[in-house]
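Undergrad:
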Amino acid sequence: MDYIGTLFSRTDNGKVSQRFMGGASKKRCNFSADKTVHIIMHACFDNALSNGVKFLMDHELLDIGVNNGKCEGVVLRNIQTGDITPVLCKSLVIASGGYTRIFYNRTSVPYISTGDGVAAALRAGLGFEDPEMIQFHPTGVANGGTLITEAARGEGGYLINNKGERFMKNYHKKMELAPRDVVARAIETEIREGRGYGEGLGAYVLIDVRHLGKDKILKALPKIRHTALLFENIDLVEQPVPIRPTAHYSMGGIEVDKFDDMSTKILGIYVGGEASCISIHGANRLGGNSLTDAVITGKLAGIGAANYAKTAEFGNGEITAKLAQKWQIKFKKVTNGGGKANEIYDLREELGRQNWDNMGIFRTQKQLDALAVALDDIEERYNKLYVPNPNLVMNTAFTDYYELGNLILLSKCACLAARNRLESRGAHTREDYPKRDDVNFLKHSIVTLKDDKLELSYKDVIVTKFSLDGRKPQ
């Protein structure tokens, strides 16, 4: 990454600087101030452009064509023109990110992080592994969930309740630098027990970095300062910032068959980053590891797909063409102009609220059973929706409609797996089953879609170098 021009923060002697992240006992995370994601993304994008990689802008993936266990192509929609077309390919890399927009009302991820690649892979016949394992980052701004990154705690920020206490001392020896699931549960506990500020979904505690001093904040935390100013109108140089946990990262994703090239059980389909599940994060990712994951698995998937394409042949495109025709018919059917403008968005907001209330940081069988019923009802109403915009050109309402369908499907997968995992493990916290159960649940959940019905199965976790004997959850 350094070679292609990634601008990492440096020490005084010119070496790449490192900082603490949650759960770590040493400074091991390379960074670029508090905007490492932004810097790495631009370095990779610039490198791709300089090497002649072509990008199809304003296109969205609708489905994946598979013929006799082999990837045949994809169905794409050109948002600018409205054209829905089959595109043949010898190999395909799915790197479309996670699905935490299922928590629509409170998540740190972009509006478009709706798990479209995962949903398309599920419809194509691939397994959705560990969908219930969703990480809640401890520090999202109280107003909506946009991230106050872990850099704030890594640099020494304090978490404060309404009594003025650094309450993390009551939960973990590493205090604010405990693993994310520990800190998120602690914050929610403080709020539930009346030591937070505000009420309902808007309740919060505070993160305070004022003791770091203005110079250090401006140098190490400029993006976080901008975020606090933008969303809370607070300058963290002068005031603490209201925060609350926010849905942040999916440990679950598309099941990977071979880790050395990120291939799947369908020939020609490869996957990388948050869209994949190779379980290097287990049930609870540590801070800083997702970028490493994306860089490494993305490279492996790219090399694997390129090597496969060198000897593979194009399919005849029959299946992909039929899928494209199916989507063309669906577009004409639902974009008849008969829908109400707010229906899609009201339903999306209800989906997010149901997921947050019943499948959030703390879960119980009663909540998850209620969610399953609610999701069936939401799906039924979704199937009766119409898009109020009949136009082909820049019909973003259809995009919202299509994404909502994916969010409902992925929510049902996560709920199914969470209902049946009768234990607490990592980010999956069951108040009615508070202990980890390695006898019955040292397994990966695998959800598949067959004949329009979801099926749940399991595969054993492979334990090699490190035994779980005597290990305790942090």
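Here this note's numbering is used: the first residue of the sequence shown is 23, the next is one more, and so on. For every residue, glycine included, the Cβ atom is placed at its ideal position computed from N, Cα and C.
#1: Flag this pair as yes or no: are the beta carbons of residue 378 and residue 125 separated by less than 8 Å?
#2: Going by alpha carbons, who is nearest to residue 304 out of 284, 122 and 448?
#3: Report buried or exposed for residue 68, applying the criterion of at least 16 other Cβ atoms within 10 angstroms of its Cβ.
#4: Just tell me which of 272, 337 and 278 has its CA closest to the CA of residue 432.
#5: Can you tell me where the alpha helix (DSSP H) with residue 372 in it begins and where it stops?
#6: When you compare the segment 196 to 208 with the segment 148 to 165, are there three or more beta-carbon pairs, one atom per stretch, that lie closer than 8 Å?
#7: Can you list, in chain order, the stretches of the beta strand (DSSP E) that have 3 or more residues and sit fully within the segment 150 to 205?
#8: Check this for me: beta carbons of residue 176 and residue 268, under 8 Å apart or not?
#9: Going by CA-CA distance only, name the one from 314, 436 and 112 that's closest to residue 96.
#10: With a Cβ-Cβ cutoff of 8 Å, do residue 497 and residue 63 count as a contact?
#11: Name, in chain order, the residues that DSSP records as bridge partners for residue 51.
#12: Beta-carbon within less than 7 Å of residue 100's beta-carbon, same chain only, minus the 5 sequence neighbours each way: which residues are those?
#13: Rounded to whole angstroms, what's the CA-CA distance from residue 247 to residue 234? Just pull it up for me.
#14: When we look at the beta-carbon of residue 333 and count the other beta-carbons within 10 Å, is it buried (16 or more) or exposed?
#15: Tell me whether the segment 353 to 367 and the segment 407 to 426 touch, counting them as touching only if at least three CB pairs, one residue from each stretch, are closer than 8 Å.
#16: Just verifying my parser: in three-state terms, what is the DSSP assignment at residue 303?
#17: Quick one: what's residue 393 bridged to in DSSP?
#18: How many Å lie between residue 278 and residue 184 at the Cα?
#19: Does the segment 113 to 123 come close enough to the segment 278 to 293 that 3 or more CB-CB pairs lie under 8 Å?
#20: Tell me, which residues are paired with residue 93 by DSSP?
#21: Helix, strand or coil: how does DSSP classify residue 477 here?
#22: Under 8 Å between the Cβ atoms of residue 218 and residue 212?
#23: Please say whether residue 450 and residue 443 have beta carbons closer to each other than 8 Å?
#24: In the DSSP assignment, the beta strand (DSSP E) including residue 269 goes from what residue to what residue?
#25: If you count every other CB in all the chains shown that lies within 10 Å of the CB of residue 77, and 16 or more means buried, which is it?
#26: Among the candidates 356, 231, 285 and 130, whose CA atom is the shortest distance from the CA of residue 263?
#27: Counting along the chain, where does the alpha helix (DSSP H) carrying residue 423 start and finish?
#28: Identify every residue that forms a DSSP beta bridge with residue 291.
#29: Beta-carbon separation of residue 150 and residue 469 under 8 Å?
#30: If you drop the 5 nearest sequence neighbours on each side, which residues of the same chain put their C-beta closer than 8 Å to that of residue 477?
#31: When you compare only the Cα positions, how much space is there between residue 438 and residue 182?
#32: What are the boundary residues of the beta strand (DSSP E) that includes residue 275?
#33: Assign residue 332 to one of three DSSP states: helix, strand, or coil.
#34: Below 7 Å CB to CB, which residues in the same chain sit around residue 88 once its five sequence neighbours on both sides are set aside?
#35: With 16 other CB atoms within 10 Å as the buried threshold, where does residue 428 fall?
#36: How many angstroms separate the CA atom of residue 421 from the CA atom of residue 366?
TA: According to the structure data:
#1: On the sequence shown, position 356 is the one that residue 378 refers to. On the sequence shown, position 103 is the one that residue 125 refers to. Contact check for residue 378 against residue 125 passes: the beta carbons are separated by less than 8 Å.
#2: Stepping through the sequence shown from its first residue, residue 304 is reached at position 282. Looking at the Cα atoms, 448 is the closest of the given residues.
#3: As a position in the sequence shown, residue 68 is number 46, starting the count at 1. Residue 68 should be labelled exposed.
#4: To locate residue 432, count along the sequence shown from 1; it is residue 410. It is 272.
#5: For the purposes of this step, residue 372 is taken as residue 350 along the sequence shown, with counting starting at 1. Note, residue 372: alpha helix (DSSP H), 365 to 380.
#6: yes
#7: 156 to 163 and 180 to 182
#8: Position 154 of the sequence shown, counting from 1, holds the residue named residue 176. Position 246 of the sequence shown, counting from 1, holds the residue named residue 268. Not in contact: residue 176 and residue 268 (Cβ atoms no closer than 8 Å).
#9: Here residue 96 corresponds to residue number 74 of the sequence shown, with the count starting at 1. Closest option to residue 96, Cα to Cα, is 112.
#10: Nothing about residue 497 can be reported from this structure: the residues present for the chain run from 23 to 496 only.
#11: Mapped onto the sequence shown, residue 51 falls at position 29. Paired residue(s): 41.
#12: Taking the sequence shown and counting its residues from 1, one reaches residue 100 at position 78. Excluding sequence neighbours, residue 100 sits near 80 and 81.
#13: Residue numbering aside, residue 247 sits at position 225 when the sequence shown is read from its first letter. Residue numbering aside, residue 234 sits at position 212 when the sequence shown is read from its first letter. Each residue's alpha carbon lies about 13 Å from the other.
#14: Residue 333 sits at position 311 when you count from the first residue of the sequence shown. Residue 333 should be labelled exposed.
#15: yes
#16: Taking the first residue of the sequence shown as 1, we reach residue 303 at position 281. Residue 303: coil per DSSP, three-state reduction.
#17: Walking along the sequence shown from the start, residue 393 turns up at place 371. Residue 393 is not bridged to any residue.
#18: The sequence position of residue 278 within the sequence shown is 256, counting from 1. The sequence position of residue 184 within the sequence shown is 162, counting from 1. Whole-angstrom Cα-Cα distance: 45 Å.
#19: yes
#20: For the purposes of this step, residue 93 is taken as residue 71 along the sequence shown, with counting starting at 1. Beta-bridge pairing links residue 93 to 88.
#21: Taking the sequence shown and counting its residues from 1, the one referred to as residue 477 is at position 455. If DSSP states are grouped into helix, strand and coil, residue 477 belongs with the strands.
#22: To locate residue 218, count along the sequence shown from 1; it is residue 196. To locate residue 212, count along the sequence shown from 1; it is residue 190. Their beta carbons are under 8 Å apart, which means residue 218 touches residue 212 by this criterion.
#23: Locating residue 443 in the sequence shown gives position 421, counting from the first residue. Locating residue 450 in the sequence shown gives position 428, counting from the first residue. For residue 443 and residue 450, yes; Cβs fall inside 8 Å.
#24: Reading the sequence shown from its first residue, position 247 is the one you call residue 269. Counting along the chain, the beta strand (DSSP E) containing residue 269 begins and ends at 263 to 272.
#25: Working through the sequence shown from its first residue, we reach residue 77 at position 55. Result: exposed.
#26: To locate residue 263, count along the sequence shown from 1; it is residue 241. Nearest C-alpha to residue 263: 231.
#27: Here the question's residue 423 lines up with position 401 in the sequence shown. Segment 418 to 442, the alpha helix (DSSP H) holding residue 423.
#28: Locating residue 291 in the sequence shown gives position 269, counting from the first residue. Note: residue 291 sits in a beta bridge opposite 114.
#29: Within the sequence shown, residue 150 is the residue found at index 128, counting from 1. Within the sequence shown, residue 469 is the residue found at index 447, counting from 1. In this structure, residue 469 lies closer than 8 Å to residue 150 by Cβ.
#30: In the sequence shown, the residue the question calls residue 477 occupies position 455. The residues 469, 470 and 471, in chain order, have a CB closer than 8 Å to that of residue 477 in the same chain once the five nearest residues on each side in sequence are set aside.
#31: Numbered from its first residue, the sequence shown carries residue 438 at position 416. Numbered from its first residue, the sequence shown carries residue 182 at position 160. When rounded, the distance between both Cα atoms is 36 Å.
#32: Start at 1 with the first residue of the sequence shown, and residue 275 comes out as number 253. Note, residue 275: beta strand (DSSP E), 275 to 277.
#33: The residue given as residue 332 occupies position 310 in the sequence shown. Residue 332 falls in the helix class under three-state DSSP.
#34: Numbered from its first residue, the sequence shown carries residue 88 at position 66. Closer than 7 Å at Cβ, skipping near neighbours: 94, 146, 147, 288 and 341.
#35: Your numbering for residue 428 matches position 406 in the sequence shown. Counting other Cβ atoms within 10 Å of its Cβ, residue 428 reaches 16 or more and is therefore classed as buried.
#36: For the purposes of this step, residue 421 is identified with residue 399 of the sequence shown, where counting begins at 1. For the purposes of this step, residue 366 is identified with residue 344 of the sequence shown, where counting begins at 1. If you take the alpha carbons of residue 421 and residue 366, they lie about 11 Å apart.
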